[in-house]
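S.K.:
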Amino acid sequence: VLFQLNIAFPSNGTQKCIEVDEELKLRPFYDKRMSHELPVDFLGDEWKGSSCYRPRRKGERRRKSVRGCIVDSNLSVLNLVVVRKGENDIPGLTDVSIPRRLGPKRASKIRKLFNLSKKDNVCQFVVRKPVPAKEGKKERSKAPKIQRLTTPLRLQRRRRRHALKRQRIETRRKTQEEYAKLLAQRRKQARDERAERKRSRSHSLRESKGQTDKSAS
């Protein structure tokens with residue numbers, strides 16, 4: 001059985017792919033699920049004390065599982081990550097370190113990396129990437145666009161949004177006050193009309209009663 005183990009060591013940014021053709025070495029991986037941690041001493045003396053796990057858990061930006069989450073002999077490649085380094089260095093994995101090719105883009109992460117305050121200019125601390133110069137031209141470098149950067153234009157737009165919100169609140173308050181006044185006025189007018197009708201009805205009843213009494217006498 002030819003089985004490949006793709007092992008990564010994130011601390012150094014290294015990755016190594018080894019081929020295993022012995023069934024006994026593969027058996028400890030079988031029936032394991034995603035995010036399970038297991039010692040890999042059985043791979044050899046250089047792996048003694050190391051611990052690996054399958055990194056494809058929900059929420060991690062890694063390659064998705066294709067055939068479910070249980071390991072068996074039908075797989076051809078298994079992705080692993082070293083979470084605890086062993087006693088010995090593994091050639092090509094833990095004995096070398098590859099620097100990060102790109103720096104952070106987000107403003108808050110740049111501040112965290114260089115321990116900056118909010119008053120410091122983040123643009124001066126962007127990690128630039130040198131570009132190979134062509135013949136007869138000067139050397140130049142590239143820099144990423146900083147994301148989530150608080151600029152004067154952004155602050156201006158925020159002030160405008162807040163001003164519009166306050167204006168809408170004030171307009172709504174005035175409209176509600178005017179509506180309440182109009183409603184009170186109409187209710188008072190309706191009460192006055194009812195009272196006037198009641199007075200006129202009682203007056204007409206008194207007049208009709210007086211005329212009836214005169215005719216009877």
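The sequence shown runs 1 to 217 under the UniProt record's numbering. Don't be surprised by glycine CBs; every beta carbon is placed ideally from N, CA and C.
#1: Going by CA-CA distance only, name the one from L78, T94, V77, S76 that's closest to R84.
#2: How would you label L80, buried or exposed, when you count the other beta carbons within 10 angstroms and need 16 or more for buried?
#3: Do I18 and L26 have their beta-carbon atoms positioned less than 8 Å apart in this structure?
#4: Report back the beta-carbon spacing between A143 and V126 to the nearest angstrom; my notes put them in contact at under 8 Å.
#5: So does the region 137 to 152 actually touch the region 98 to 113, counting three or more Cβ pairs closer than 8 Å?
#6: Taking Y30 as the reference, give the member of I70, V40, T14, D21 with the closest Cα.
#7: DSSP puts C17 in a beta bridge; with which residues?
#8: Going along the chain, which residues of its own chain have a beta-carbon closer than 6 Å to the beta-carbon of L78, five neighbours each way excluded?
#9: Taking buried to mean at least 16 other C-beta atoms within 10 Å of its own C-beta, is I169 buried or exposed?
#10: So for L78, helix, strand or coil by DSSP?
#11: Pick helix, strand or coil for S35, following the three-state DSSP scheme.
#12: Determine the extent of the alpha helix (DSSP H) in which S108 is found, giving its start and end residues.
#13: So, helix, strand or coil for V40, using DSSP?
#14: Straight-line CA distance for R63 to S76?
#15: By Cβ distance below 7 Å, which residues in the same chain neighbour V20 in space, the five residues on each side in sequence not counted?
#16: Just curious, the beta strand (DSSP E) that K129 is in, first and last residue?
#17: Can you tell me the Cα-Cα spacing of N74 and L24, whole angstroms?
#18: Is K129 near L102, with beta carbons less than 8 Å apart?
#19: Give me, in chain order, the residues of the same chain whose beta-carbon lies closer than 6 Å to that of K119; leave out the 5 immediate sequence neighbours on both sides.
#20: DSSP state of R63, grouped into three classes?
#21: Could you pull out every residue in the same chain whose Cβ sits closer than 6 Å to the Cβ of I8, ignoring the five residues on either side in sequence?
M.R.: Result, derived from the coordinates:
#1: Taking the sequence shown and counting its residues from 1, one reaches residue 84 at position 84. Among L78, T94, V77, S76, the Cα nearest to that of R84 belongs to T94.
#2: As a position in the sequence shown, residue 80 is number 80, starting the count at 1. Buried is the label assigned to L80, since at least 16 other Cβ atoms lie within 10 Å of its Cβ.
#3: As a first step, residue 26 must be located in the sequence shown, where it is residue number 26. As a first step, residue 18 must be located in the sequence shown, where it is residue number 18. A distance of 8 Å or more separates the beta carbons of L26 and I18.
#4: Counted from its first residue, the sequence shown places residue 143 at position 143. Counted from its first residue, the sequence shown places residue 126 at position 126. The C-beta distance from A143 to V126 rounds to 5 Å, short enough to meet the 8 Å contact threshold.
#5: yes
#6: Sequence index remark: in the sequence shown, residue 30 carries index 30 (1-based). Checking every option, the nearest Cα to that of Y30 belongs to I70.
#7: Position 17 of the sequence shown, counting from 1, holds the residue named residue 17. DSSP output for C17 lists N6 as bridge partner(s).
#8: The residue labelled residue 78 in the question sits at position 78 within the sequence shown. Short of 6 Å from the beta carbon of L78, and not among the five residues preceding or following it, lie these beta carbons of its own chain, in chain order: L5.
#9: To locate residue 169, count along the sequence shown from 1; it is residue 169. Looking at its Cβ environment, which holds fewer than 16 other Cβ atoms inside 10 Å, I169 is exposed.
#10: The residue you call residue 78 lines up with position 78 of the sequence shown. In the structure shown, L78 sits in a strand (DSSP, three-state: E or B).
#11: Residue numbering aside, residue 35 sits at position 35 when the sequence shown is read from its first letter. Correct three-state label for S35: coil.
#12: By 1-based counting over the sequence shown, the position of residue 108 is 108. Taken as a continuous stretch (DSSP letters only), the alpha helix (DSSP H) holding S108 covers 107 to 114.
#13: Here residue 40 refers to the residue found at position 40 of the sequence shown. Coil, per DSSP.
#14: Residue numbering aside, residue 63 sits at position 63 when the sequence shown is read from its first letter. Residue numbering aside, residue 76 sits at position 76 when the sequence shown is read from its first letter. Any reading at R63 is ruled out, since the residue's pLDDT is 49, under 50, leaving its predicted position unreliable.
#15: For this step, residue 20 is matched to residue 20 along the sequence shown. Answer for V20: F3, L5, L26, listed in chain order.
#16: In the sequence shown, the residue the question calls residue 129 occupies position 129. That run of the beta strand (DSSP E) goes 129 to 131.
#17: Within the sequence shown, the letter at position 74 stands for residue 74. Within the sequence shown, the letter at position 24 stands for residue 24. So the alpha carbons of these two residues sit roughly 15 Å apart.
#18: In the sequence shown, residue 129 corresponds to position 129, counting from 1. In the sequence shown, residue 102 corresponds to position 102, counting from 1. Against a cut-off of 8 Å, the Cβ pair of L102 and K129 comes out as a contact.
#19: Position 119 of the sequence shown, counted from the start, is the residue given in the question as residue 119. Once the five neighbours on either side are set aside, K119 has no close Cβ partner at all.
#20: Counting from one through the sequence shown, the residue named residue 63 turns up at place 63. In this predicted model, R63 has a pLDDT of only 49, less than 50, meaning its place in the structure is not dependable; the value taken from the coordinates is given anyway. Reduced to three states, the DSSP call for R63 is coil.
#21: Here residue 8 corresponds to residue number 8 of the sequence shown, with the count starting at 1. Note that residue 8 is Ala in the sequence shown here, rather than Ile. If we look at A8 and ignore the five residues flanking it on each side, its Cβ neighbours are Q15, V81.
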